[in-house]
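Undergrad:
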Amino acid sequence: MDALVRLLQLLVFLLTLPLHLMALLGLWEPLCKTYFPYLMAVLAVKSNRVMESKKRELFSQIKGLAGASGKVALLELGSGTGANFQFYPTGCKVTCLDPNPHFEKFLTRSMAENRHLEYERFVVAFGEDMSQLADGSMDVVVSTLVLCSVQSPKRVLQEVRRVLRPGGVLFFWEHVAEPCGSWAFLWQQVLQPTWRHIGDGCHLTRETWRDLEDAQFSELQVEQHPPPIKWLPVGPHIMGKAVK
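For what it's worth, UniProt numbering labels the leading residue of the sequence shown as 1, then goes sequentially.
1) Output the distance between the C-alpha atoms of S131 and T95, rounded to the nearest integer angstrom.
2) Work out the CA separation of T34 and G240 for me, nearest whole Å.
3) Using the three-state DSSP reduction, which class does K230 fall into: helix, strand or coil?
4) Does the contact criterion of 3 or more C-beta pairs under 8 Å hold for the region 66-73 versus the region 141-151?
5) Sort G168, T81, Q189 by Cα distance to V176 and report the nearest one.
6) Less than 8 Å between the beta carbons of V169 and L77, yes or no?
7) Distance check for E29 and Y119, CA to CA, integer angstroms please.
8) Evaluate K55 with the Cβ neighbour count: other Cβ atoms within 10 Å of its Cβ, from every protein chain shown; 16 or more gives buried, anything less gives exposed.
9) How far does the beta strand (DSSP E) with Q224 in it reach, from first residue to last?
10) Among the residues of its own chain, which have a CB less than 8 Å from the CB of L191, if the five just before and after it don't count?
11) Can you name, in chain order, every residue of its own chain whose Cβ lies under 6 Å from the Cβ of V156, other than the five neighbours on each side?
12) From N84, G91, K93, C92, pick the residue whose C-alpha is nearest to that of F106; which is it?
13) Counting only the same chain and skipping the five closest in sequence on each side, list residues whose C-beta sits under 6 Å from that of A184.
14) Quick check on this structure: which residue in F122, T144, F87, N114 has the alpha carbon closest to the alpha carbon of H102?
15) Please specify which runs of the beta strand (DSSP E), each continuous and at least 3 residues long, are wholly inside the region 124-199, giving them in chain order.
16) Have a look at R210 and H225 and give me their C-alpha separation to the nearest angstrom.
17) By the 10 Å Cβ neighbour count, where 16 or more other Cβ atoms means buried, how is I229 classified, buried or exposed?
18) Out of A134, H237, Y38, I62, which has the shortest C-alpha to C-alpha gap to N100?
19) Within the continuous alpha helix (DSSP H) that includes T95, where are the two ends?
20) Identify the continuous beta strand (DSSP E) that holds P212 and give its terminal residues.
21) For the putative contact between F59 and F36, defined by C-beta atoms under 8 Å, what is the C-beta separation to the nearest angstrom?
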(Lines of atoms letter the chains of each structure in order from A and count residues from 1; the text may use other names and numbers.)
(Lines give C-alpha, C1' and ligand atoms only; values in the text may rest on other atoms or scores of the structure.)
Protein backbone atom coordinates (compact mmCIF):
# COMPACT_ATOMS: atom_id res chain seq x y z
CA MET A 1 0.00 0.00 0.00
CA ASP A 2 2.84 2.42 0.82
CA ALA A 3 4.41 1.78 -2.59
CA LEU A 4 1.09 2.52 -4.29
CA VAL A 5 0.74 5.78 -2.34
CA ARG A 6 4.24 6.90 -3.37
CA LEU A 7 3.57 6.02 -7.01
CA LEU A 8 0.30 7.93 -7.10
CA GLN A 9 1.90 10.87 -5.27
CA LEU A 10 4.55 10.99 -8.00
CA LEU A 11 1.89 11.01 -10.72
CA VAL A 12 0.00 13.86 -9.02
CA PHE A 13 3.29 15.70 -8.51
CA LEU A 14 4.09 15.47 -12.23
CA LEU A 15 0.60 16.63 -13.17
CA THR A 16 0.94 19.67 -10.90
CA LEU A 17 4.66 20.31 -11.49
CA PRO A 18 4.29 24.06 -12.21
CA LEU A 19 2.63 24.53 -8.82
CA HIS A 20 5.43 22.72 -6.98
CA LEU A 21 8.09 24.67 -8.89
CA MET A 22 6.43 27.96 -7.96
CA ALA A 23 6.32 26.84 -4.31
CA LEU A 24 10.01 25.86 -4.42
CA LEU A 25 10.93 29.28 -5.82
CA GLY A 26 8.87 31.10 -3.18
CA LEU A 27 6.39 32.44 -5.73
CA TRP A 28 3.33 30.44 -4.77
CA GLU A 29 2.78 31.44 -1.14
CA PRO A 30 2.29 35.20 -1.78
CA LEU A 31 -0.14 34.36 -4.58
CA CYS A 32 -1.99 31.87 -2.39
CA LYS A 33 -2.28 34.37 0.48
CA THR A 34 -3.96 36.78 -1.94
CA TYR A 35 -6.43 34.42 -3.64
CA PHE A 36 -7.28 32.20 -0.66
CA PRO A 37 -9.65 34.67 1.06
CA TYR A 38 -11.74 34.86 -2.12
CA LEU A 39 -11.91 31.06 -2.33
CA MET A 40 -12.92 30.83 1.34
CA ALA A 41 -15.62 33.47 0.86
CA VAL A 42 -17.26 31.23 -1.76
CA LEU A 43 -16.87 27.99 0.20
CA ALA A 44 -18.08 29.56 3.45
CA VAL A 45 -21.49 30.32 1.96
CA LYS A 46 -21.97 26.68 0.91
CA SER A 47 -20.64 25.30 4.21
CA ASN A 48 -22.89 27.55 6.28
CA ARG A 49 -25.91 26.49 4.27
CA VAL A 50 -25.22 22.81 5.01
CA MET A 51 -24.04 23.26 8.61
CA GLU A 52 -26.38 26.06 9.71
CA SER A 53 -28.46 24.08 12.20
CA LYS A 54 -25.42 22.41 13.78
CA LYS A 55 -23.55 25.71 14.07
CA ARG A 56 -26.54 27.42 15.66
CA GLU A 57 -26.86 24.55 18.12
CA LEU A 58 -23.14 24.67 19.00
CA PHE A 59 -22.76 28.43 19.29
CA SER A 60 -26.04 28.93 21.17
CA GLN A 61 -24.09 27.78 24.24
CA ILE A 62 -21.92 30.91 24.09
CA LYS A 63 -24.65 33.07 25.60
CA GLY A 64 -24.20 31.58 29.07
CA LEU A 65 -20.45 32.27 29.20
CA ALA A 66 -20.46 36.03 29.74
CA GLY A 67 -17.83 37.44 32.09
CA ALA A 68 -18.25 39.97 34.90
CA SER A 69 -18.94 42.74 32.38
CA GLY A 70 -21.98 40.91 31.03
CA LYS A 71 -20.24 40.60 27.67
CA VAL A 72 -18.60 37.52 26.15
CA ALA A 73 -14.92 38.07 25.28
CA LEU A 74 -14.62 35.84 22.21
CA LEU A 75 -11.47 35.03 20.26
CA GLU A 76 -11.87 33.49 16.82
CA LEU A 77 -8.79 31.64 15.60
CA GLY A 78 -8.16 31.71 11.87
CA SER A 79 -11.15 34.00 11.60
CA GLY A 80 -11.01 34.03 7.80
CA THR A 81 -13.95 35.86 6.26
CA GLY A 82 -16.03 35.99 9.44
CA ALA A 83 -18.34 33.20 8.31
CA ASN A 84 -19.29 32.37 11.92
CA PHE A 85 -20.32 35.87 12.97
CA GLN A 86 -23.98 35.41 12.09
CA PHE A 87 -24.24 32.52 14.56
CA TYR A 88 -22.80 34.32 17.60
CA PRO A 89 -25.29 35.67 20.15
CA THR A 90 -25.71 39.35 20.92
CA GLY A 91 -23.23 40.64 23.48
CA CYS A 92 -20.04 39.11 22.09
CA LYS A 93 -16.89 41.23 21.92
CA VAL A 94 -15.01 39.58 19.08
CA THR A 95 -11.24 39.53 18.64
CA CYS A 96 -10.11 38.00 15.35
CA LEU A 97 -6.76 36.32 14.84
CA ASP A 98 -5.37 35.21 11.50
CA PRO A 99 -1.85 35.11 10.01
CA ASN A 100 -3.17 36.31 6.63
CA PRO A 101 -3.72 40.10 6.61
CA HIS A 102 -5.70 39.84 3.35
CA PHE A 103 -8.71 38.61 5.34
CA GLU A 104 -9.22 41.94 7.12
CA LYS A 105 -11.39 43.53 4.44
CA PHE A 106 -13.67 40.48 4.48
CA LEU A 107 -13.89 40.68 8.28
CA THR A 108 -14.79 44.36 8.11
CA ARG A 109 -17.58 43.55 5.69
CA SER A 110 -18.86 40.70 7.88
CA MET A 111 -18.87 42.90 10.97
CA ALA A 112 -20.86 45.55 9.12
CA GLU A 113 -23.45 42.84 8.34
CA ASN A 114 -23.56 41.64 11.97
CA ARG A 115 -24.22 44.71 14.09
CA HIS A 116 -25.26 42.58 17.07
CA LEU A 117 -21.55 41.98 17.76
CA GLU A 118 -18.80 44.28 19.02
CA TYR A 119 -15.60 44.13 16.97
CA GLU A 120 -12.54 44.47 19.22
CA ARG A 121 -9.55 44.09 16.87
CA PHE A 122 -7.88 42.02 14.18
CA VAL A 123 -4.60 40.44 15.32
CA VAL A 124 -2.25 39.29 12.57
CA ALA A 125 -0.49 36.33 14.18
CA PHE A 126 -0.13 32.56 14.12
CA GLY A 127 -2.09 30.49 16.60
CA GLU A 128 1.11 29.02 17.99
CA ASP A 129 2.11 32.44 19.36
CA MET A 130 -0.73 34.58 20.67
CA SER A 131 1.53 36.66 22.90
CA GLN A 132 -0.48 39.79 22.03
CA LEU A 133 -3.34 38.33 24.09
CA ALA A 134 -3.20 38.21 27.90
CA ASP A 135 -3.52 35.09 30.04
CA GLY A 136 -7.12 34.30 30.97
CA SER A 137 -8.48 37.18 28.89
CA MET A 138 -11.07 35.21 26.89
CA ASP A 139 -14.38 33.63 27.87
CA VAL A 140 -14.64 31.76 24.57
CA VAL A 141 -12.30 30.66 21.78
CA VAL A 142 -13.69 29.45 18.45
CA SER A 143 -11.72 27.34 15.97
CA THR A 144 -13.43 26.23 12.76
CA LEU A 145 -11.36 24.53 10.05
CA VAL A 146 -8.14 25.94 11.52
CA LEU A 147 -6.20 23.15 13.25
CA CYS A 148 -5.79 21.38 9.90
CA SER A 149 -3.50 24.14 8.63
CA VAL A 150 -1.45 25.25 11.65
CA GLN A 151 2.13 24.04 12.03
CA SER A 152 1.61 22.64 15.54
CA PRO A 153 -1.93 21.85 16.75
CA LYS A 154 -0.50 20.95 20.17
CA ARG A 155 1.11 24.36 20.56
CA VAL A 156 -2.04 26.15 19.39
CA LEU A 157 -4.14 24.28 21.95
CA GLN A 158 -1.63 25.20 24.66
CA GLU A 159 -2.08 28.85 23.71
CA VAL A 160 -5.87 28.43 23.69
CA ARG A 161 -5.77 27.11 27.25
CA ARG A 162 -3.52 30.01 28.27
CA VAL A 163 -5.81 32.76 26.96
CA LEU A 164 -9.02 31.15 28.25
CA ARG A 165 -10.19 32.05 31.75
CA PRO A 166 -10.91 29.16 34.15
CA GLY A 167 -14.19 27.66 33.01
CA GLY A 168 -13.80 29.22 29.56
CA VAL A 169 -14.72 27.13 26.52
CA LEU A 170 -13.13 26.25 23.18
CA PHE A 171 -15.77 25.56 20.52
CA PHE A 172 -14.40 23.70 17.51
CA TRP A 173 -15.37 22.36 14.10
CA GLU A 174 -12.48 20.67 12.28
CA HIS A 175 -12.00 18.17 9.46
CA VAL A 176 -9.96 15.07 10.22
CA ALA A 177 -8.46 12.03 8.51
CA GLU A 178 -10.57 9.29 6.98
CA PRO A 179 -10.37 5.89 8.74
CA CYS A 180 -6.87 4.45 8.47
CA GLY A 181 -6.70 1.69 5.85
CA SER A 182 -9.66 2.96 3.82
CA TRP A 183 -9.42 3.93 0.15
CA ALA A 184 -10.51 7.44 1.10
CA PHE A 185 -7.53 7.68 3.46
CA LEU A 186 -5.22 6.41 0.73
CA TRP A 187 -6.34 9.22 -1.58
CA GLN A 188 -5.87 11.75 1.20
CA GLN A 189 -2.27 10.54 1.53
CA VAL A 190 -1.81 10.76 -2.24
CA LEU A 191 -3.15 14.31 -2.51
CA GLN A 192 -1.59 15.71 0.68
CA PRO A 193 1.75 17.01 -0.78
CA THR A 194 -0.15 19.00 -3.43
CA TRP A 195 -3.21 19.89 -1.35
CA ARG A 196 -1.16 21.72 1.29
CA HIS A 197 -0.19 24.27 -1.38
CA ILE A 198 -3.72 24.63 -2.74
CA GLY A 199 -5.26 24.80 0.73
CA ASP A 200 -2.81 27.27 2.29
CA GLY A 201 -1.09 24.67 4.47
CA CYS A 202 -4.12 22.42 5.00
CA HIS A 203 -3.39 18.83 6.10
CA LEU A 204 -5.89 16.17 5.05
CA THR A 205 -4.70 13.39 7.35
CA ARG A 206 -4.59 14.99 10.80
CA GLU A 207 -6.13 13.14 13.73
CA THR A 208 -7.10 16.32 15.53
CA TRP A 209 -9.29 14.53 18.06
CA ARG A 210 -6.11 13.04 19.55
CA ASP A 211 -4.59 16.51 20.01
CA LEU A 212 -7.77 17.64 21.77
CA GLU A 213 -7.71 14.58 24.02
CA ASP A 214 -4.07 15.28 24.93
CA ALA A 215 -4.57 19.00 25.61
CA GLN A 216 -5.62 18.53 29.26
CA PHE A 217 -8.99 20.25 29.13
CA SER A 218 -11.21 19.47 32.11
CA GLU A 219 -14.08 18.41 29.85
CA LEU A 220 -14.22 17.40 26.18
CA GLN A 221 -17.30 16.73 24.03
CA VAL A 222 -16.84 15.56 20.43
CA GLU A 223 -19.35 14.68 17.69
CA GLN A 224 -18.44 13.39 14.22
CA HIS A 225 -20.25 14.47 11.06
CA PRO A 226 -19.84 13.77 7.33
CA PRO A 227 -18.03 16.46 5.31
CA PRO A 228 -20.43 19.20 4.16
CA ILE A 229 -18.82 19.59 0.71
CA LYS A 230 -18.65 16.15 -0.90
CA TRP A 231 -16.40 16.94 -3.88
CA LEU A 232 -13.46 18.10 -1.76
CA PRO A 233 -10.94 15.51 -0.45
CA VAL A 234 -11.43 16.57 3.17
CA GLY A 235 -12.67 13.83 5.47
CA PRO A 236 -15.18 13.66 8.31
CA HIS A 237 -15.68 16.68 10.56
CA ILE A 238 -15.57 16.78 14.33
CA MET A 239 -17.56 19.35 16.26
CA GLY A 240 -17.79 20.03 19.96
CA LYS A 241 -16.39 21.91 22.91
CA ALA A 242 -13.52 21.71 25.39
CA VAL A 243 -13.71 23.37 28.82
CA LYS A 244 -10.64 24.76 30.61
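Beta carbons are placed, not taken as given, at the ideal position from N, Cα and C, and that holds for glycine.
TA: So, from the listed chains and residues:
1) 14 Å
2) 31 Å
3) coil
4) Taking a cut-off of 8 Å on C-beta distances, the region 66-73 does not touch the region 141-151, as fewer than three cross pairs fall below it.
5) Q189
6) no
7) 29 Å
8) buried
9) That run of the beta strand (DSSP E) goes 219-225.
10) V12, L204, P233.
11) Same-chain partners within the cutoff: G127, E128, V150.
12) N84
13) Within the same chain, and ignoring the five residues on either side of A184 in sequence, the residues whose Cβ sits closer than 6 Å to its Cβ are E178.
14) F122
15) 138-144, 164-175
16) 17 Å
17) exposed
18) Y38
19) First-last for T95: 92-97, but that is the beta strand (DSSP E), not the alpha helix (DSSP H).
20) In the sequence as displayed, the identity of residue 212 is Leu instead of Pro. Per DSSP, L212 belongs to no beta strand (DSSP E); it is in the alpha helix (DSSP H), 208-214.
21) Not a contact, Cβ separation roughly 24 Å.
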